[in-house]
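Heads up: the sequence lines are chains R and F, in that order. The number in my numbering is simply the position in the first sequence, starting from 1, with 2 added. The number in my numbering is simply the position in the second sequence, starting from 1, with 2 added. For reference, the structure is listed below as structure tokens.
Number of protein chains: 2
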Amino acid sequence: MIKKISIIGSGNVATRLSYEFFKNNIQIAQIISRNKKHGQLLADTIQASFTTNINNLKLTDLTIICVSDDSIKDIAKKIPTNQPVVHTSGFTDITILKKQENHGVIYPIQSLNKDIDINFQEIPICIESNNNIFKKKIKNLCLKLSINVVYFNSTERKHIHLAAVITSNFSNFLYLIAQKHLHQQNIDFSLLLPLIIHTAKKTKNKNPFTNQTGPAKRGDKKVIKKHLDILKNKDYKKIYKLLSKNILTTYEK
Amino acid sequence: MIKKISIIGSGNVATRLSYEFFKNNIQIAQIISRNKKHGQLLADTIQASFTTNINNLKLTDLTIICVSDDSIKDIAKKIPTNQPVVHTSGFTDITILKKQENHGVIYPIQSLNKDIDINFQEIPICIESNNNIFKKKIKNLCLKLSINVVYFNSTERKHIHLAAVITSNFSNFLYLIAQKHLHQQNIDFSLLLPLIIHTAKKTKNKNPFTNQTGPAKRGDKKVIKKHLDILKNKDYKKIYKLLSKNILTTYEK
Chain R
3 MIKKISIIGS
13 GNVATRLSYE
23 FFKNNIQIAQ
33 IISRNKKHGQ
43 LLADTIQASF
53 TTNINNLKLT
63 DLTIICVSDD
73 SIKDIAKKIP
83 TNQPVVHTSG
93 FTDITILKKQ
103 ENHGVIYPIQ
113 SLNKDIDINF
123 QEIPICIESN
133 NNIFKKKIKN
143 LCLKLSINVV
153 YFNSTERKHI
163 HLAAVITSNF
173 SNFLYLIAQK
183 HLHQQNIDFS
193 LLLPLIIHTA
203 KKTKNKNPFT
213 NQTGPAKRGD
223 KKVIKKHLDI
233 LKNKDYKKIY
243 KLLSKNILTT
253 YEK
Chain F
3 MIKKISIIGS
13 GNVATRLSYE
23 FFKNNIQIAQ
33 IISRNKKHGQ
43 LLADTIQASF
53 TTNINNLKLT
63 DLTIICVSDD
73 SIKDIAKKIP
83 TNQPVVHTSG
93 FTDITILKKQ
103 ENHGVIYPIQ
113 SLNKDIDINF
123 QEIPICIESN
133 NNIFKKKIKN
143 LCLKLSINVV
153 YFNSTERKHI
163 HLAAVITSNF
173 SNFLYLIAQK
183 HLHQQNIDFS
193 LLLPLIIHTA
203 KKTKNKNPFT
213 NQTGPAKRGD
223 KKVIKKHLDI
233 LKNKDYKKIY
243 KLLSKNILTT
253 YEK
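Encoded structure:
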């Protein structure tokens with residue numbers, strides 16, 4: 003059973019996972035982070051010790067590597083091969099950790115922000131591991147955070163990660179565009195909040211095709227043209243055009 | 003006071019508004035729609051009479067025109083000038099109804115689907131009118147549906163409508179892309195629901211700029227390239243590229 007863990011990183015994922023383990027009484031022995039300020043603050047909050055030097059890593063039941071995809075390999079090299087380890091990347095293959103006897107992945111399908119509280123209970127957590135005993139251990143650990151722990155291989159997880167970026171990162175950027183546009187007109191962006199949230203919640207019926215509304219879906223090219231007239235930002239115009247064109251052709255078919 | 007209304011149309015907006023008025027004990031005397039099947043069904047559900055012929059329009063306290071932007075003008079021509087009238091379009095100017103003595107607009111900022119239930123209580127309803135007495139009447143009517151009734155002129159409303167299309171219609175289309183992509187990999191789209199809903203709810207802090215996460219925000223071009231490798235659909239590739247490019251430049255600045 004995994005009782006004591008260490009976490010490498012102090013960014014969005016490291017912070018949110020740490021808080022969540024701490025809340026659920028999993029002891030975090032140590033935070034390891036090159037960022038002294040963020041790392042020390044995080045360690046203090048969850049009553050862990052702190053080091054900037056990976057060579058000072060304490061042996062625990064599990065080390066969770068929460069760093070950028072590019073850094074995982076270098077960091078893994080510095081960890082003793084008998085120390086069980088997982089990374090949290092949606093896109094990086096499990097084999098990047100293959101030198102460790104017990105290695106795996108814990109990837110929560112969620113957009114995590116350091117400063118935004120979140121309830122992990124229903125977040126699907128994708129796990130993967132190189133052997134069944136270790137798989138069971140990380141599964142049991144993750145079940146303390148979420149009721150929805152699912153096994154996917156690295157290829158499947160990459161597709162999930164891509165889909166997550168499309169739905170979450172790109173949608174959020176559309177919110178940003180709308181906010182900037184309304185701001186220029188001195189109109190409060192919060193008018194759109196019920197619409198944004200309802201549009202997201204509608205996906206519970208798993209049918210975005212039926213849920214689609216709006217001028218492009220109706221084939222209303224006049225409104226599309228007029229929207230483009232009042233949308234002055236050239237980059238946003240391109241985005242508007244491309245998405246409308248795609249919606250038009252999807253519903254013409 | 004507006005006690006008895008008639009509604010022209012039987013599409014998404016007409017249907018949802020009718021249900022909402024009916025629930026709130028506003029009498030709907032008549033549904034007028036060219037679509038006999040949908041119109042009759044709607045009228046039966048809300049205990050209204052039904053006609054396909056606009057010339058049979060009954061005089062009421064208010065006629066609500068819920069038809070496509072292109073048809074509003076022609077329909078308005080056939081309504082007696084002493085019959086108070088509003089349209090529900092986000093994008094059409096109030097002046098399209100100027101021949102009516104009392105005319106205005108009731109535009110709920112929401113993506114309405116005939117078959118998807120919705121709570122109007124917190125939906126902002128934008129109103130506009132050609133005179134203050136009529137404005138007060140439609141305001142009081144709308145307050146029976148929502149606590150959030152706001153006055154905007156036609157120009158402001160157009161910008162709100164544009165922003166609504168960007169946040170709602172375009173986001174929903176991104177959900178559709180993700181669903182199609184996952185479907186090809188035999189992965190259940192519902193894995194993304196908590197992510198989609200959380201991303202939308204985060205906008206409550208009114209700060210999509212801070213809420214942004216993901217590879218493009220981090221400037222992680224390697225992951226972007228690898229995502230493009232596994233996203234085979236050419237149209238979706240273009241969308242992915244354009245949005246990522248825009249996020250990259252937004253956060254480089």
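We put the CB at the ideal spot given by N, CA and C, even for glycine. Note that the structure is a prediction, hence the values are computed from the model and not measured.
A residue is called buried when at least 16 other Cβ atoms come within 10 angstroms of its Cβ; K139 of chain R meets this threshold and is buried. Within chain R, L164, V167, I168, F172 have C-beta atoms less than 9 Å from the C-beta of Y242 of chain F, given in sequence order. The shortest CA-to-CA distance from N213 of chain F to any of F:N142, F:K204, F:I179 is the one to F:K204. Contact between the stretch 213-224 of chain F and the stretch 180-200 of chain F is absent, with fewer than three C-beta pairs closer than 8 Å.
Assigned with DSSP and collapsed to three states, Q29 of chain R falls in strand.
Under DSSP, G221 of chain R shares a beta bridge with no residue. For the stretch 31-57 of chain R, the set of positions with a beta-carbon nearer than 9 Å to some beta-carbon of chain F is empty.
Looking at R:S192, R:N26, R:D63, R:F52, the one whose alpha-carbon comes closest to that of K5 of chain R is R:D63.
Short of 8 Å from the beta carbon of T65 of chain F, and not among the five residues preceding or following it, lie these beta carbons of its own chain, in chain order: I7, S8, I9, I10, L59, I81, Q85, P86, V87, V88.
Beta-bridge annotation (DSSP): Y153 of chain F is paired with F:I129. Using a Cβ-Cβ cut-off of 8 Å, V107 of chain R does not count as an interface residue toward chain F, since no Cβ of chain F sits closer than that to its own. Residues of the same chain with a CB within less than 7 Å of the CB of C144 of chain R, apart from the 5 flanking positions on each side, are I108, I127, I129, V151 in chain order. With contacts defined by Cβ atoms closer than 8 Å, D72 of chain F and K75 of chain R do not form a contacting pair. For V151 of chain R, there are no C-beta contacts with chain F under 8 Å, since the nearest C-beta of that chain is about 12 Å from it. With a threshold of 16 other beta carbon atoms within 10 Å, T17 of chain F meets it and is buried.
Under a criterion of Cβ atoms nearer than 9 Å, no residue of chain R is adjacent to R18 of chain F; the nearest Cβ is some 11 Å distant. Looking at R:L230, R:A218, R:H161, the one whose alpha-carbon comes closest to that of F93 of chain R is R:H161. Residue contact check for K208 of chain R against chain F: a CB pair falls below 8 Å. Within the same chain, Cβ atoms closer than 8 Å to the Cβ of I77 of chain R are found at I10, I56, I67, V69, the five residues on either side in sequence being excluded.
Cβ neighbours of E254 of chain R within its own chain (closer than 8 Å, five residues either side excluded): G221. Neighbours of K204 of chain F across chain R, judged by C-beta separation under 7 Å: I118. For E158 of chain F, the chain R residues whose C-beta falls within less than 9 Å of its own C-beta are Q187, N188, I189, listed in chain order. Looking at the DSSP output, F52 of chain R shares a beta bridge with R:I33. Within the model, the alpha-carbon separation for N37 of chain R versus F191 of chain F is close to 36 Å. By the beta-carbon neighbour count (other beta carbons within 10 angstroms, threshold 16), Q123 of chain F is exposed.
By the 16-neighbour rule on beta-carbons within 10 angstroms, Y177 of chain R is buried. Looking from the CA of H163 of chain F, the closest CA among R:Q42, R:K206, R:E22, R:I198 belongs to R:I198. In chain order, N14, T17 place their CB closer than 6 Å to the CB of K116 of chain F, counting only its own chain and leaving out the 5 sequence neighbours on each side.
Sorting R:H40, R:Q49, R:K39, R:S91 by C-alpha distance to the C-alpha of A31 of chain R places R:Q49 at the top.
For Y21 of chain R, no Cβ of chain F is located within less than 8 Å of the residue's own Cβ. In the DSSP assignment, P110 of chain R falls within the unbroken beta strand (DSSP E) covering 105-110.
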